[in-house]
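Chains as they are written, first to last, in our numbering: chain G, 1 to 334; chain Z, 1 to 289. Quick reminder that beta carbons are idealized off the backbone N, C-alpha and C, glycines included. Predicted model only: the values in this text are computed from it and were never measured. These notes concern the structure reproduced below.
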């Protein structure tokens with residue numbers, strides 16, 4: 001396990017090289033103790049709330065037209081994690097969703113497949129079977145989703161059941177109670193343990209930013225997740241309001257950019273919950289490009305967790321191609 | 001004192017989803033009277049305002065159709081009351097817009113109020129006229145019931161700016177449709193003021209959406225919009241009507257073709273305009289259950 005660079009991120013550059021004098025020379029020292037984490041958090045530059053909100057407001061006014069818009073819509077479709085996380089989910093519903101994930105618009109074969117289908121662990125097998133032979137991955141929420149309130153052993157069993165059923169990606173929730181109480185090491189250890197339980201599966205760490213109160217907390221929790229070996233940091237479960245917002249996405253993207261500069265490890269960002277319109281999705285893509293850079297404009301590095309967003313993307317795509325406004329009845333409903 | 005007061009030059013806005021937004025395009029145009037004197041600035045709606053209006057109508061439609069017929073009738077009656085309250089203002093606007101005498105304008109406004117009351121009365125009666133209980137050879141009750149078509153795009157009459165508008169909007173709305181109306185291009189003032197009446201009556205936001213602007217620019221977008229279920233071409237320019245019908249066919253919209261000439265709106269209508277935008281649902285119900 002120790003050879004896994006994701007598990008043991010190492011700082012490639014010194015604080016001087018990074019222009020960040022307080023950056024520790026050894027990241028393993030940071031996570032060795034509660035005190036180490038606290039010291040590291042103390043050295044993390046604070047988030048300028050007004051600046052962040054001003055910057056996203058400015059970026060959100062950018063207008064994308066014509067062929068660029070079409071390309072952006074296709075890119076957004078390929079980044080969707082088509083999600084159904086309801087108590088009422090049935091195998092039939094999941095199979096229908098998988099059909100849609102493979103081919104979002106059956107009448108137009110040029111529409112790309114989505115990135116993944118996201119379900120509860122007990123439905124992973126169904127989704128996996130329905131997606132055989134396609135490029136669409138199966139993601140499963142786990143670790144006492146959505147509250148994150150269970151014993152570690154229970155969470156790990158949850159994760160293992162998802163991985164054993166064939167999940168390619170695991171979306172875990174962090175223990176927000178522990179984080180807000182300042183028990184950072186407990187949160188870190190949990191992420192690390194879940195990462196080990198994931199094995200080959202990619203780990204997305206849900207920070208539930210709507211419950212973290214401040215942007216500084218968002219930034220800290222993102223660093224905690226990245227140090228713990230997350231392949232993705234994800235904003236929300238979708239069960240709490242506010243869910244994903246542009247400023248939070250900007251803070252996360254800055255965090256993964258800084259982490260990449262410091263360690264060379266590229267962590268993805270997934271925004272989930274509350275993104276319903278294609279216009280919103282394009283705004284996120286602008287923020288991604290302007291913050292983390294074009295390397296993140298890739299389904300391997302950036303995802304939208306959504307369900308109704310896909311139909312709006314398809315409608316706008318059809319508008320862009322035909323010049324006529326499409327109706328919601330033109331596309332299958334989840 | 002009164003000489004030094006600065007004149008308030010009103011800029012009217014659109015009416016979409018119960019709100020009064022500016023046109024997304026930021027454009028306005030000047031409305032003048034017959035002699036070319038300035039009357040007001042009015043929003044010049046764009047393609048994207050059509051999009052927003054259709055979305056607002058779609059959001060509002062199912063709840064409006066789901067309201068009881070009695071309730072829809074009450075709301076229409078309330079609109080008539082509010083219109084009656086602002087009678088003097090509307091008479092003045094009709095005089096300015098249509099260059100008619102005050103006597104004719106008063107008759108127009110009064111008839112518009114009467115028309116609303118007349119259609120309000122139909123709310124819980126049109127189903128008896130258009131519906132039926134059908135004899136079938138089997139142990140079933142068989143009913144046919146008219147239901148609202150959905151979102152109806154209405155091109156309002158060009159000449160009769162108030163009475164004509166009320167005469168095409170009320171019948172579409174009373175049966176449970178939500179409408180997107182393009183007001184008379186050259187005489188939009190009574191329409192935008194009517195929107196203020198609608199906003200202060202109990203009509204849920206989005207049931208009537210009113211756009212002002214160029215009919216030639218807005219109507220093709222509405223005709224091709226796949227989330228519009230029906231279209232009333234009453235105020236369509238003759239040169240455009242066939243193209244609009246063709247575009248409307250792409251998602252099989254129900255189309256009410258334009259009249260050869262604008263009808264005399266003072267005449268008492270028949271229920272035909274109400275029944276143009278309803279769909280018949282037939283239900284088979286086993287006897288004894």
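Using DSSP with H/G/I as helix, E/B as strand and the rest coil, what is residue i?
{"i": "residue 219(G)", "result": "helix"}
{"i": "residue 284(G)", "result": "helix"}
{"i": "residue 274(Z)", "result": "helix"}
{"i": "residue 328(G)", "result": "helix"}
{"i": "residue 263(G)", "result": "helix"}
{"i": "residue 139(G)", "result": "strand"}
{"i": "residue 79(Z)", "result": "helix"}
{"i": "residue 216(Z)", "result": "helix"}
{"i": "residue 14(Z)", "result": "coil"}
{"i": "residue 19(G)", "result": "coil"}
{"i": "residue 99(Z)", "result": "coil"}
{"i": "residue 42(G)", "result": "helix"}
{"i": "residue 4(G)", "result": "Because the pLDDT of residue 4(G) is 42, which lies under 50, any placement of that residue in the model is unreliable, and the number read from its coordinates should be weighed accordingly. Here residue 4(G) sits in coil by DSSP."}
{"i": "residue 32(Z)", "result": "strand"}
{"i": "residue 279(Z)", "result": "strand"}
{"i": "residue 210(G)", "result": "helix"}
{"i": "residue 40(Z)", "result": "strand"}
{"i": "residue 309(G)", "result": "helix"}
{"i": "residue 198(Z)", "result": "helix"}
{"i": "residue 45(Z)", "result": "coil"}
{"i": "residue 303(G)", "result": "strand"}
{"i": "residue 266(Z)", "result": "coil"}
{"i": "residue 286(Z)", "result": "strand"}
{"i": "residue 227(G)", "result": "helix"}
{"i": "residue 71(Z)", "result": "helix"}
{"i": "residue 207(Z)", "result": "coil"}
Quick check: is the beta carbon of residue i nearer than 8 Å to any beta carbon in chain A?
{"i": "residue 227(Z)", "result": "Protein chains in the displayed structure are G and Z, and chain A is not among them."}
When burial is assigned at 16 or more other CB atoms within 10 Å of the CB, is residue i buried or exposed?
{"i": "residue 4(G)", "result": "Any answer about residue 4(G) is weak, because its pLDDT of 42 lies below 50 and its placement is not dependable; what the coordinates show is given next. Counting Cβ neighbours within 10 Å, residue 4(G) comes out exposed, since fewer than 16 surround it."}
{"i": "residue 247(G)", "result": "buried"}
{"i": "residue 230(Z)", "result": "buried"}
{"i": "residue 343(G)", "result": "Residue 343(G) lies beyond the stretch modelled for chain G, which goes from 1 to 334, so this question has no answer here."}
{"i": "residue 285(Z)", "result": "exposed"}
{"i": "residue 6(Z)", "result": "exposed"}
{"i": "residue 17(G)", "result": "exposed"}
{"i": "residue 175(Z)", "result": "buried"}
{"i": "residue 223(Z)", "result": "buried"}
{"i": "residue 206(G)", "result": "buried"}
{"i": "residue 320(G)", "result": "buried"}
{"i": "residue 2(G)", "result": "In this prediction, residue 2(G) has a pLDDT of 38, which is less than 50 and means its spatial position is unreliable; nothing more can be read from the coordinates."}
{"i": "residue 115(G)", "result": "buried"}
{"i": "residue 202(Z)", "result": "exposed"}
{"i": "residue 134(Z)", "result": "exposed"}
{"i": "residue 220(G)", "result": "buried"}
{"i": "residue 335(G)", "result": "Only positions 1 to 334 of chain G appear in the structure, and residue 335(G) is not among them; the question remains open."}
{"i": "residue 128(G)", "result": "buried"}
{"i": "residue 120(G)", "result": "buried"}
{"i": "residue 326(G)", "result": "buried"}
{"i": "residue 270(G)", "result": "buried"}
{"i": "residue 36(Z)", "result": "exposed"}
{"i": "residue 29(G)", "result": "exposed"}
If I'm right that residue i touches residue j with Cβ under 8 Å, what's the distance once you round it to whole angstroms?
{"i": "residue 159(G)", "j": "residue 143(G)", "result": "6 Å"}
{"i": "residue 41(Z)", "j": "residue 78(Z)", "result": "Not confirmed; about 29 Å, so no contact."}
{"i": "residue 139(Z)", "j": "residue 287(Z)", "result": "5 Å"}
{"i": "residue 34(G)", "j": "residue 185(G)", "result": "4 Å"}
{"i": "residue 75(G)", "j": "residue 253(G)", "result": "The pair is not a contact, with the Cβ atoms about 16 Å apart (cut-off 8 Å)."}
{"i": "residue 80(G)", "j": "residue 309(G)", "result": "6 Å"}
{"i": "residue 169(G)", "j": "residue 137(G)", "result": "6 Å"}
Is residue i close to the ligand NAD? I mean its beta-carbon at under 7 Å from any heavy atom of the ligand.
{"i": "residue 246(Z)", "result": "Absence of the ligand NAD is noted for the structure shown, with no ligands found whatsoever."}
> Taking one C-beta from the segment 75-84 of chain Z and one from the segment 136-153 of chain Z each time, how about it: are there three or more such pairs within less than 8 Å?
Replying inline: no
>> List, from N- to C-terminal side, the beta strand (DSSP E) runs of 3 residues or more that fit wholly inside the segment 45-132 of chain G.
In response: 80-83, 116-119
>> Can you confirm whether the segment 162-170 of chain G touches the segment 145-153 of chain G when touching is taken to mean that 3 or more C-beta pairs between the two stretches lie within less than 8 Å?
In response: no
>> Please give me, in chain order, every unbroken run of the beta strand (DSSP E) with length at least 3 that falls completely inside the segment 104-167 of chain Z.
In response: 140-148, 151-155
>> Which complete beta strand (DSSP E) runs does the segment 219-262 of chain Z hold, if anything under 3 residues is left out?
In response: 230-232, 254-256
> Can you find at least 3 beta carbon pairs, one from the segment 192-212 of chain Z and one from the segment 243-251 of chain Z, that sit closer than 8 Å?
Replying inline: no
> Does the pairing of the segment 192-206 of chain Z with the segment 119-128 of chain Z give three or more beta-carbon distances under 8 Å?
Replying inline: no
> Curious, which full-length alpha helix (DSSP H) runs of at least 4 residues does the segment 135-207 of chain G contain?
Replying inline: 152-164, 176-180, 184-198
> Taking three-plus beta-carbon pairs below 8 Å as touching, is the segment 267-274 of chain Z in contact with the segment 179-199 of chain Z?
Replying inline: No: the two stretches stay apart, fewer than three of their Cβ pairs being nearer than 8 Å.
>> To test your reading of the DSSP string, which unbroken beta strand (DSSP E) runs of 3 or more residues are found completely within the segment 229-274 of chain G?
In response: 232-234, 268-272
>> If contact is defined by three or more beta carbon pairs under 8 Å, each pair taking one atom from either stretch, is the segment 50-70 of chain Z in contact with the segment 12-30 of chain Z?
In response: yes
>> Is it the case that the segment 255-271 of chain G contacts the segment 286-305 of chain G, given that we only count it when at least three CB pairs across the two stretches are under 8 Å?
In response: yes
>> With three or more beta-carbon pairs closer than 8 Å as the criterion, would you say the segment 108-124 of chain Z touches the segment 16-28 of chain Z?
In response: no
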